[in-house]
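Here's the structure we're looking at; comments come further down.
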Amino acid sequence: MDLLSPGDYCELYVCYLGEENEEQESDCTVHLDNLNIDLLHIDEKRLIRIER
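The opening position of the sequence shown corresponds to residue 889 in our numbering, with each subsequent residue numbered one higher.
Structure representation (structure tokens):
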């Protein structure tokens with residue numbers, strides 16, 4: 889079962905409760921078709937875009 893169709897994406901913003909409107913400090917993009925989990929670092933105020 890595929891959760892994302894080719895060309896689709898979802899975004900995940902990692903922050904503490906109440907910081908949703910603060911500016912992000914970093915971002916990264918994860919490509920599900922070429923996944924390298926070692927490159928993914930989940931830090932505070934980081935936008936993670938997951939693409940297929």
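Where a beta carbon is used, it is the ideal one built from N, C-alpha and C, also for glycine.
- If you draw a straight line from the Cα of C916 to the Cα of D890, it comes to about 22 Å.
- Checking the DSSP bridge columns, you'll see R937 partnered with E899 and T917.
- The Cβ atoms of E913 and R934 lie closer than 8 Å to each other.
- In the structure shown, N922 adopts helical secondary structure according to DSSP, grouped into three states.
- The shortest C-alpha to C-alpha distance from H929 to any of E910, E911 and L900 is the one to L900.
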